[in-house]
Structures are given as C-alpha cells and as structure tokens.
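Line by line, the protein sequences give chains A and B.
Every letter in the first sequence is one number past the one before it in UniProt numbering, and letter 55, counting from 1, is 55.
Every letter in the second sequence is one number past the one before it in UniProt numbering, and letter 236, counting from 1, is 236.
A short write-up of the structure that comes next.
Number of protein chains: 2
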Amino acid sequence: MAGCSEFDLIDRHLAGLGAERDDVLLGPGDDAAITQDGGRPLLMALDTLVEGVHFPADLPAYWVGYRALAVNLSDIAAMGGEPCWALLGLTLPAPDESWVAQFASGLGRLARASGVAVIGGDVTRGPLTVSLQITGRATGAPLRRDGAHAGDRVWLSGRPGEAAAGLAVWQQEGAREQARWQGLRQAFIAPRPRVALGQALVGVASAAIDLSDGLAADAGHIAARSGVALHLDPPRGRPSARLLRWAGEAEARRLQLGGGDDYELCFTAPREADVMVRAAARRARTPVRCIGEVHEGEGVWWGGEPILDRAAGYCHFVS
Amino acid sequence: MAGCSEFDLIDRHLAGLGAERDDVLLGPGDDAAITQDGGRPLLMALDTLVEGVHFPADLPAYWVGYRALAVNLSDIAAMGGEPCWALLGLTLPAPDESWVAQFASGLGRLARASGVAVIGGDVTRGPLTVSLQITGRATGAPLRRDGAHAGDRVWLSGRPGEAAAGLAVWQQEGAREQARWQGLRQAFIAPRPRVALGQALVGVASAAIDLSDGLAADAGHIAARSGVALHLDPPRGRPSARLLRWAGEAEARRLQLGGGDDYELCFTAPREADVMVRAAARRARTPVRCIGEVHEGEGVWWGGEPILDRAAGYCHFVS
C-alpha cells in the first residue's frame, strides 16, 4: 500500500469500525470479508465504479453493467468462493431508460452466467456511479492474502498488463487500430473474473489476490499481509506477445507491473503442490504459470531488484 | 410508485436480474431482500446517499457517516431484523483525512450502538457518494410490505414531516431560529432508526415499511404490494405541535404526507392485536399511534380523499 493514501485512509479510520462480533471471521483488508451464519462461511465484498475514474465516460452501458459485476466476482474468485447474491447501488444523472436497459443487459448476462441473483438495491440521482455488493459462499477454507510462506511458489493467471493497454487502445487509437488490437481492447472491456480457478485452488493455494491495481501493488498486498517477500522472475513473468508488440519491451513491462483492471489471480502455493496447481488450472480451463518464489523478507522483487516503490500500481489518489 | 420514474426504472429493468436461486426468499421490492443460508434468514439492503441530493453539502462529515448507517438500519428495522454487518462504499473528491475521521466517528458511534460490525468496503475518488450495504438476521418471520389485510389498523411511529421541516430549518434559518427549532433540526440531522420497534412488532404487525419518501408514498407501497387501500384519519394523523407551530396547518400537512427522511415505521396489524402493538411500542420505548384502517381497494386515502397523486412523496427524478 506504499504511498497509496486511499488505502491509508481506509486502514487508519475505517478498519475495525463498529461493534466486535463473533460471527465476523475476517474483517477489512482482504478481497472479501468472511462472516459466519450457520451454513458455510459467507464472503462479502463491495466495489464502487465511478465514471471517468474506473471506466471511460464513453464505455457503453452494457459494459458498465458487466464490469460492475465482474470486479465483484473477481473478489469472490480471489477467495475461492461461489458467488450467490448481489445488491446494486446505481446513481444516474438522469433517468435514461435505454441506458438502464443496456446496463441491465450486461449485468444480467454475467449474473446468469455466474449463478448470481440480483436481489435488490437502490437507484438514485447523481453523478454516474455504480456500487455493487456481492455475497458468496466459501467452498472450503477461503483463500486469503495472509497465507504465503517462504519456499512457496508464486503463480499468475492470464496476461496482466493487457487491460491497461486495452484502455489506452480504447481511448487513443483510430478505428483501424482498434480492430487490429481487438484482443487488448477486450481485455479491458470484458475482464473475465477467475471464479472457476479460485474455486479449484481451494485447499491447494496458500494465498491469493485478484489483480485490480497491478501485479506489483497486489503482489505487495500478499507480501505485506503474509510477512514475506515475493521474488518474481523476469523471464518467467514475460508479458504476452501481443502486449510486447503493441507497447514495446519497456512499456509492456510497466503496464504488466503497474497497470490495473486485469482481474487475473496472483497466488502462492507450496512447492509440493505444483502438480495440483496445474491440475486445478486445467479443470478451470485457465492458463497459469509460475513466475517466482516466496522468500523471507518483505516487498516485491523483480529480477533481484525491489519494485514496489517504483511501480506502486494503480492508486486513485496518486497521479 | 405513481409518477416516480426512478422506481419505474428499477421495476422494469433491474428486478429479477440474474440467476434464479432457491436460497433467495424475497427479491427486489421490499425494504430488504431475504436470503437463506442455513441459519436464520438474512435481510440484505443497500442505500446510496449523494451529496446535494440526499444530504446538504454543508452537513458535517460526522452526520453524513451517521446518516449512511441510519438509513440502512431503518431498512432492517422495517423488516423486524437484527442488524449485523455493513460494507461501506465511500467515494470522495479528495483524500481529506479529517473529513474521513469525522465520518468514521459518526458511522462508528451508531454502528457500536446498534451492534453492527463494519466488515469491509471500498474507498474511491469521485463526487461525494456513500453506498452502504447492510445485512441483518431475521428475528422471526420478517415484516414485509405485502401482508396488510382489509380490517387491519394502520399505525405510525413518531412524528413524520419533522425531518423535512428540519432540513428547511437547516438550509434557510439564521442561527437564532436554528436554536429555536433545534428539535426539528435534529429530526433531520439524526434520524433514529426504529430497530427495537421493528423487532418488537415481529409476529404482531401484518406489514411494515420505513418512511424514507414520505407517508403518502410509503403507505402507498404497502397498499400496492398488499393489494389493499390504506384509509388514514386526519384527526388521528395530526402533525406534531412543533411542526404545526413552525409550518402552519397546511404546510405541516404537506410535509407530513410528502416530506421524506423521517425513517419512522408505518405498519399495519389486525384489530385484535391492538394491545400487543401497544405493548411492543412500550417495550421498544417508541411512541406509536393508530392513524387509520385498511380497506378493500387501492391507494392511500386521507379523510376519504385519495392523496397519493397529490402528494407522491419524495422522488429523486421528479421535481
């Protein structure tokens, strides 16, 4: 959370607010809170998307709706949970019915595909903002950020950096280039939360997080919460070929470490679990690769150099 | 919901979105959704407050925090539930630490007093907006909007209309008048969610709703969902003496029927339950009074006249 005043604010003033309750198994600071209500533990998260901050003003309503659920599904994925129920807080400048219909269509499609019921919410007037709260059920011991141990391996799904590149394509390129870099564009517009992978990793991974703020910052959360250092290996952590083609070597690296919104999973697992990790990934039909190792110490390292300070990831209050 | 396009939007496009799930006992359309997870049913609600729409821009941060939880507690109160866990989505124009500290103080005080743990959330940059999601547990069969029957009596807690008057005092009056009308001012600034009353009414009331949009509009929701008419009796529904003093007879009536943000409960109960209603109110130390009766038919009636069209209550998209 180095230099990220947004999180400092949360940590200092909003953590541990209110009553202490025995049925709260895990409070603020992970991808989701864990509560207990008789059955399997519940996983509860809330994410807010603000127009112009979390998505460009010209993003079609369909994808705003899709995205609002996707980022929340990703929190449940990072805990290895089964997503169940969502509540929607939608703030709109005007009652634009065709916008709402498109928004509902994108949200609804992903909700049905994920088995999530939208059970309620609140529509209000104001600057375009979407807050979505999701509740899932644990499918076993939830994956947390604080379980990594020295000797574990560090794993990564998908190709982080592509979403940030896709946003730049969306905002900067002409129609022909948009078509040419369609794959990158899609990585931004339609992130795929790794729900199946998260569930498959329950009982296998020692810690997990989803990449919303960039690989450096989010791997940093695992390091900080687990009290370890994550050493990433440049050759094994190579950006995707299309990202290298679009951005060049240096910029691709910067996007991969510091770009946000990929919603891939970064996770750790004991060395002995390599075969189980690969089997879980196959079961979830999700590409994963080992990109480093967990050591004693602190921070995130890239080819032996500390990187967290240089690429602190996406942070709303830091330019 | 007459003429209230905000709710039309919800109803038409956002109701029933996503998967159908057996563990959803009640979806959108009541004060909270009801889900089932092994233990007692869960009550889940989410409310958004936007600066300049739901609270004046000069409301101190302490009371913004208090209010964000209060309006959500009121949803749990209207279902007769026990509030448990909250998730906070806070959007801020800038990382103003003293503002956040005050906000946390107001929210935290009410959370501790209500036994609610703030278990997580999301702080983002953008126009000042607070979305809070609350989960409670049912304490018996939840109070719903759809249980009123012809022959029931209509009951009301507290003195609706005072909050709307208090907002006007806050915005319009000088310092001396602010002090003089301190009681009205407090009704707006620090609404008291009727959690104890809601719980005491479980098994006694046939339907309930909390007053966020005004007595006429909210009683109208009970009427619509229950398929009945609510006939309110002007002498028994008389506004409070201080509201009459501040506003005069006609304006007091308008504020009472059409003003929002009181977070009192309007509920119905069978005639035979009069003694139990009064006992519940005593137990909850909350003043209640019978203000009318449930008839066959539809709409809300005031002294024999239909009132819902004339005083459709607070509606964000209707001036």
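Virtual Cβ for every residue (Gly too), placed ideally from N, Cα, C.
>> For P93 of chain A, tell me which candidate among A:L107, A:T124, A:A165, A:D58 has the shortest Cα-Cα distance.
In response: Mapped onto the first sequence, residue 93 of chain A falls at position 93. Among A:L107, A:T124, A:A165, A:D58, the Cα nearest to that of P93 of chain A is on A:T124.
>> By the three-class DSSP mapping on this structure, what secondary structure does F317 of chain A have?
In response: The residue given as residue 317 of chain A occupies position 317 in the first sequence. Low per-residue confidence applies at F317 of chain A: pLDDT is 37, beneath 50, and the placement is therefore not dependable, though the value from the model is reported in the following sentence. The answer is coil: DSSP assigns F317 of chain A none of H, G, I, E or B.
> In chain order, what residues of the same chain have a beta carbon less than 8 Å from the beta carbon of Q186 of chain A, not counting five sequence neighbours either side?
Replying inline: Position 186 of the first sequence, counted from the start, is the residue given in the question as residue 186 of chain A. Within the same chain, Q186 of chain A has close Cβ partners G166.
> Going straight from the alpha carbon of residue 325 of chain B to that of G304 of chain B, what length do you get?
Replying inline: The requested residue 325 of chain B is not part of the displayed model; chain B covers only 1 to 319.
> Helix, strand or coil: which one does DSSP assign to I34 of chain A?
Replying inline: Your numbering for residue 34 of chain A matches position 34 in the first sequence. Strand at I34 of chain A.
>> So, for A104 of chain B: in the same chain, excluding its five sequence neighbours on each side, which residues have a beta-carbon less than 7 Å away from its beta-carbon?
In response: Numbered from 1 along the second sequence, position 104 holds the residue referred to as residue 104 of chain B. The residues are G65.
> Hey, quick one: how far does the alpha helix (DSSP H) through E162 of chain A stretch, first residue to last?
Replying inline: In the first sequence, counting from the first residue as 1, residue 162 of chain A sits at position 162. That run of the alpha helix (DSSP H) goes 162 to 172.
> To which residues of the same chain is V50 of chain A closer than 6 Å at the C-beta, ignoring the five residues directly before and after it?
Replying inline: The count along the first sequence starts at 1 and reaches residue 50 of chain A at position 50. Here the set comprises T129.
> If S131 of chain B sits next to G89 of chain B, beta carbons under 8 Å apart, how far is it from one beta carbon to the other, in whole angstroms?
Replying inline: Counting from 1 along the second sequence, the entry for residue 131 of chain B is found at position 131. Counting from 1 along the second sequence, the entry for residue 89 of chain B is found at position 89. Contact holds; Cβ gap of about 4 Å.
> In terms of residues, what are the limits of the alpha helix (DSSP H) holding R112 of chain B?
Replying inline: Within the second sequence, numbered from 1, the residue matching residue 112 of chain B stands at position 112. That run of the alpha helix (DSSP H) goes 97 to 114.
>> So with CB distances below 8 Å, who are the chain B contacts of L211 of chain A?
In response: Counted from its first residue, the first sequence places residue 211 of chain A at position 211. Result: empty, since nearest Cβ-Cβ is about 16 Å, beyond 8 Å.
> Should E264 of chain B go down as buried or exposed, given a rule of 16 or more other Cβ atoms within 10 Å for buried?
Replying inline: Translated into positions along the second sequence, residue 264 of chain B becomes position 264. E264 of chain B comes out buried.
> Count the other CB atoms within 10 Å of the CB of G38 of chain A; is the residue buried (16 or more) or exposed (fewer)?
Replying inline: Here residue 38 of chain A is taken as the residue at index 38 of the first sequence, counted from 1. Flag for G38 of chain A reads exposed.
> When the distance is taken between beta carbons, is P160 of chain A closer than 8 Å to L230 of chain A?
Replying inline: Position 230 of the first sequence, counting from 1, holds the residue named residue 230 of chain A. Position 160 of the first sequence, counting from 1, holds the residue named residue 160 of chain A. No, the pair does not count as a contact, with Cβ atoms beyond the cut-off.
> Is W63 of chain A helix, strand or coil when you go by DSSP?
Replying inline: The residue you call residue 63 of chain A lines up with position 63 of the first sequence. The answer is helix: DSSP assigns W63 of chain A an H, G or I state.
>> Please confirm whether L17 of chain B has its beta-carbon closer than 8 Å to some beta-carbon of chain A.
In response: Within the second sequence, the letter at position 17 stands for residue 17 of chain B. Yes, L17 of chain B lies at the interface with chain A (some Cβ there is under 8 Å from its Cβ).
> If we count the other Cβ atoms within 10 Å of its Cβ and call it buried at 16 or more, is A45 of chain B buried or exposed?
Replying inline: Indexing the second sequence from 1 puts residue 45 of chain B at position 45. It counts as buried.
> According to the neighbour-count rule (16 or more other Cβ atoms, all chains shown, within 10 Å of its Cβ), is D22 of chain A buried or exposed?
Replying inline: Position 22 of the first sequence, counted from the first residue, corresponds to residue 22 of chain A. The residue in question, D22 of chain A, is exposed, as its Cβ has fewer than 16 Cβ neighbours within 10 Å.
> Which parts of the stretch 275 to 303 of chain B are runs of the beta strand (DSSP E), unbroken and 3 residues or longer, counting only runs that do not cross its ends?
Replying inline: 288 to 295, 299 to 302
> Using the beta-carbon of each residue, which ones in chain A are nearer than 8 Å to Q186 of chain B?
Replying inline: Within the second sequence, numbered from 1, the residue matching residue 186 of chain B stands at position 186. In chain order: nothing, as chain A lies at least about 23 Å away.
> Would you report the Cα separation of A19 of chain A and A200 of chain B, rounded to the nearest angstrom?
Replying inline: One-based indexing of the first sequence puts residue 19 of chain A at position 19. One-based indexing of the second sequence puts residue 200 of chain B at position 200. Cα to Cα, A19 of chain A sits roughly 22 Å from A200 of chain B.
> Which of helix, strand or coil does DSSP assign to E20 of chain A?
Replying inline: The sequence position of residue 20 of chain A within the first sequence is 20, counting from 1. Coil at E20 of chain A, not helix or strand.
> DSSP on D233 of chain B, reduced to helix/strand/coil?
Replying inline: The count along the second sequence starts at 1 and reaches residue 233 of chain B at position 233. Of the three classes helix, strand and coil, the one that applies to D233 of chain B here is coil, per DSSP.
> Which residues, in chain order, does the stretch 122 to 147 of chain A contribute to contact with chain B at a C-beta distance below 7 Å?
Replying inline: D122, V123, T124, R125, G126, P127, T129, S131, Q133
>> Can you confirm whether A104 of chain B, when its beta carbon is compared against all beta carbons of chain A, has any partner nearer than 8 Å?
In response: Along the second sequence, one-based indexing puts residue 104 of chain B at 104. For A104 of chain B, the answer is yes, since a Cβ of chain A falls inside 8 Å of its Cβ.
> Is G120 of chain A helix, strand or coil when you go by DSSP?
Replying inline: Indexing the first sequence from 1 puts residue 120 of chain A at position 120. Correct three-state label for G120 of chain A: strand.
> Can you name the residues of chain B whose CB is closer than 7 Å to the CB of A101 of chain A?
Replying inline: Start at 1 with the first residue of the first sequence, and residue 101 of chain A comes out as number 101. Within chain B, the residues near A101 of chain A are H13.
> Can the beta-carbon of S240 of chain B be found closer than 8 Å to that of E177 of chain B?
Replying inline: Residue 240 of chain B sits at position 240 when you count from the first residue of the second sequence. Residue 177 of chain B sits at position 177 when you count from the first residue of the second sequence. Taking 8 Å as the Cβ cut-off, S240 of chain B and E177 of chain B do not qualify as a contacting pair.
>> Less than 8 Å between C-beta atoms, sequence neighbours within five positions excluded: which residues of the same chain meet that for W63 of chain A?
In response: As a first step, residue 63 of chain A must be located in the first sequence, where it is residue number 63. If we look at W63 of chain A and ignore the five residues flanking it on each side, its Cβ neighbours are F55, G106, I189, A190.
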